[in-house]
Amino acid sequence: MTLFGLAALLAGVAALVTGLTLDWLSFDLLGLGLLAVVVIGFVTVARPSRLTIEREIQPPRVPKGSPAIAFLTFANRGRRTVPVSIATQPFGKQRVRTVIPKLRGGERGTRAYRLPTTRRGIFDVAPVEVTRRDAFELFRLSRRFGQVERIWVYPRILPLRRLPTGQLRHLEGPSSDTSPHGSITFHRLREYVAGDDLRLVHWRSSARAGHLLVKHNVDTSQPSTVVLLDLRPSRYTEESFEQAVDAAASVIVSSGASKAPVELRLTDGTALGGARIRDVTPLIDHLTGVEAKANGSLREPLLALRHLRGGTSLVVVTGEIDAGDLPYVANLRRRFDQLVVISIDPERRDPIDFPGVRLIVGSDAEAVAAAWNLQVHAG
Numbered sequence: 041m042t043l044f045g046l047a048a049l050l051a052g053v054a055a056l057v058t059g060l061t062l063d064w065l066s067f068d069l070l071g072l073g074l075l076a077v078v079v080i081g082f083v084t085v086a087r088p089s090r091l092t093i094e095r096e097i098q099p100p101r102v103p104k105g106s107p108a109i110a111f112l113t114f115a116n117r118g119r120r121t122v123p124v125s126i127a128t129q130p131f132g133k134q135r136v137r138t139v140i141p142k143l144r145g146g147e148r149g150t151r152a153y154r155l156p157t158t159r160r161g162i163f164d165v166a167p168v169e170v171t172r173r174d175a176f177e178l179f180r181l182s183r184r185f186g187q188v189e190r191i192w193v194y195p196r197i198l199p200l201r202r203l204p205t206g207q208l209r210h211l212e213g214p215s216s217d218t219s220p221h222g223s224i225t226f227h228r229l230r231e232y233v234a235g236d237d238l239r240l241v242h243w244r245s246s247a248r249a250g251h252l253l254v255k256h257n258v259d260t261s262q263p264s265t266v267v268l269l270d271l272r273p274s275r276y277t278e279e280s281f282e283q284a285v286d287a288a289a290s291v292i293v294s295s296g297a298s299k300a301p302v303e304l305r306l307t308d309g310t311a312l313g314g315a316r317i318r319d320v321t322p323l324i325d326h327l328t329g330v331e332a333k334a335n336g337s338l339r340e341p342l343l344a345l346r347h348l349r350g351g352t353s354l355v356v357v358t359g360e361i362d363a364g365d366l367p368y369v370a371n372l373r374r375r376f377d378q379l380v381v382i383s384i385d386p387e388r389r390d391p392i393d394f395p396g397v398r399l400i401v402g403s404d405a406e407a408v409a410a411a412w413n414l415q416v417h418a419g
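Just so you know, the working numbering puts 361 at position 321 of the sequence shown, and the rest follows in order with no gaps.
In structure tokens form, the structure reads like this:
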């Protein structure tokens, strides 16, 4: 019951009591009229409805700003006409409304509405709420249809050129152990490790050495990329952090083209992907829900990379550049063919030159993408 309905009920009761007390017919009729309106409104709303609604959200994963559509399929499975209803879709702090028309017995229909996707994040889409009202707005009755569904509003994916490998790789094998393991190109013999394919055992060399040796095969042409995202809020404004997440996601998608391996590392210690993972979807899913975190530093994961197998490119995404971090990046020259630092800096401070490190500075993700594509095209 609405406040207006409660007021009508109290006014009707008061008028009827007054009329009976004072033996005043006009008040009796007024009170009975108001109570009749209240009863009719209640019966209209409380009458059982055979309305059914199904909802489907497409696509469940969508880049920020791109359309995500909720499709409602509704039907009146009863004989009585279902009056016009309002379907309300809670989504975050917003509420999207759409009108369900009057349905006669057996009729069905569809409606579609766009979910707001202006904010990055992982959202639980609540069931649809359908509200029935009487003609005098005295009563409202809401029912929920459907289940909670999850939608991923991805960071924006900007078009980036793929980085060149930075050096020519030998056709018969790599110059170091940093190349991805697993192709048919022979690199060297190494000791057997539990889980190795026994077909790769080199029996003649094993007999001479007195222990099992296996062929270590590598992929000399497949590029691999490590993307390191700085989560420290001290390096960003609220908006520039979102721009940094967009930039990191764009690099991942560009680098992961043709199923090339990509690894995502964060300053909070998170590491996802790697040489054996060729699908970047889990990485983008993680970036969708990532938040700024004060713990950790940029130098710790850079130091950790010195003890791991490298790759083709290392791309560090940060906010305002700390010049003291650049030597830690440069020390990875032997691990990676290319070292790139992306700085999302709204104030566009003077760039810092550092030998062996390609620095890309932009006020937002679009500026970074333009500078990236220009530098890649220039070689």
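Built from N, CA and C at the ideal position, the CB exists for glycine as well.
Backbone CA spacing between residue i and residue j [nearest angstrom]
i: Ser294; j: Arg184; result: 42 Å
i: Ser290; j: Gln129; result: 31 Å
i: Pro195; j: Val285; result: 7 Å
i: Pro341; j: Thr138; result: 49 Å
i: Ala300; j: Thr328; result: 21 Å
i: Val193; j: Ile324; result: 10 Å
i: Asp317; j: Ser89; result: Looking at the sequence provided, one finds Ile at residue 317 rather than Asp. Approximately 51 Å, taken between the alpha carbons.
i: Leu203; j: Ile292; result: 11 Å
i: Ala247; j: Arg398; result: 49 Å
i: Glu169; j: Glu278; result: 33 Å
i: Gln207; j: Lys133; result: Note that Gln207 scores a pLDDT of 45, beneath 50, so its modelled location is shaky; the value from the coordinates is reported in the next line. Roughly 51 Å separates the two Cα atoms.
i: Leu414; j: Phe131; result: 39 Å
i: Tyr276; j: Arg201; result: 25 Å
i: Gln98; j: Ala152; result: 11 Å
i: Val355; j: His326; result: 18 Å
i: Leu379; j: Val102; result: 30 Å
i: Val401; j: Pro141; result: 53 Å
i: Gly149; j: Leu312; result: 44 Å
i: Asp404; j: Ser280; result: 7 Å
Buried/exposed call for residue i, threshold 16 Cβ in 10 Å
i: Thr61; result: exposed
i: Gly145; result: exposed
i: Lys104; result: buried
i: Trp412; result: buried
i: Ile361; result: buried
i: Phe111; result: exposed
i: Gln283; result: buried
i: Thr352; result: buried
i: Pro100; result: exposed
i: Thr92; result: exposed
i: Gly338; result: In the sequence as displayed, the identity of residue 338 is Leu instead of Gly. By the 10 Å Cβ count, Leu338 comes out buried.
i: Arg233; result: First, the residue type needs correcting, since residue 233 is Val and not Arg in the sequence shown. Looking at its Cβ environment, which holds fewer than 16 other Cβ atoms inside 10 Å, Val233 is exposed.
i: Thr307; result: buried
i: Gly71; result: buried
i: Glu96; result: exposed
i: Asp385; result: buried
i: Ile382; result: buried
i: Thr358; result: buried
i: Pro395; result: exposed
i: Leu343; result: exposed
i: Trp64; result: exposed
Extent of the continuous beta strand (DSSP E) to which residue i belongs
i: Ala287; result: Per DSSP, Ala287 belongs to no beta strand (DSSP E); it is in the alpha helix (DSSP H), Glu278 to Ser295.
i: Ile324; result: Not the beta strand (DSSP E): Ile324 falls in the alpha helix (DSSP H), residues Thr321 to Thr328.
i: Pro103; result: Arg101 to Pro103
i: Leu112; result: Ala108 to Asn116
i: Ala166; result: Looking at the DSSP string, Ala166 is not in any beta strand (DSSP E), and its letter there is neither H nor E.
i: Val188; result: Note, Val188: premise wrong, no beta strand (DSSP E); not H, not E.
i: Ser155; result: Note on identity: in this sequence residue 155 is Leu, with Ser being the wrong assignment. Counting along the chain, the beta strand (DSSP E) containing Leu155 begins and ends at Arg148 to Leu155.
i: Ile317; result: Premise fails: Ile317 is in no beta strand (DSSP E) and is neither H nor E.
i: Gly351; result: Gly351 to Thr358
i: Val136; result: Gln134 to Ile140
i: Arg95; result: Leu91 to Gln98
Run of the alpha helix (DSSP H) containing residue i, from where it starts to where it stops
i: Arg244; result: Trp243 to Ala249
i: Ala300; result: No alpha helix (DSSP H) contains Ala300, which DSSP labels as neither H nor E.
i: Pro123; result: First-last for Pro123: undefined, no H or E at that position.
i: Leu343; result: Arg339 to Leu345
Beta carbon proximity, residue i to chain C, threshold 8 Å
i: Val170; result: Among the chains in the structure shown there is no chain C, since it carries only a single protein chain.
**Asked** So, do the region 153-166 and the region 66-82 have three or more beta carbon pairs nearer to each other than 8 Å?
**Response** no
**Asked** If you scan the region 364-400 from start to end, which runs of the beta strand (DSSP E) of 3 or more residues do you find wholly inside it?
**Response** 376-384
**Prompt:** Between the region 267-275 and the region 322-339, do at least 3 Cβ pairs fall closer than 8 Å?
**Reply:** yes
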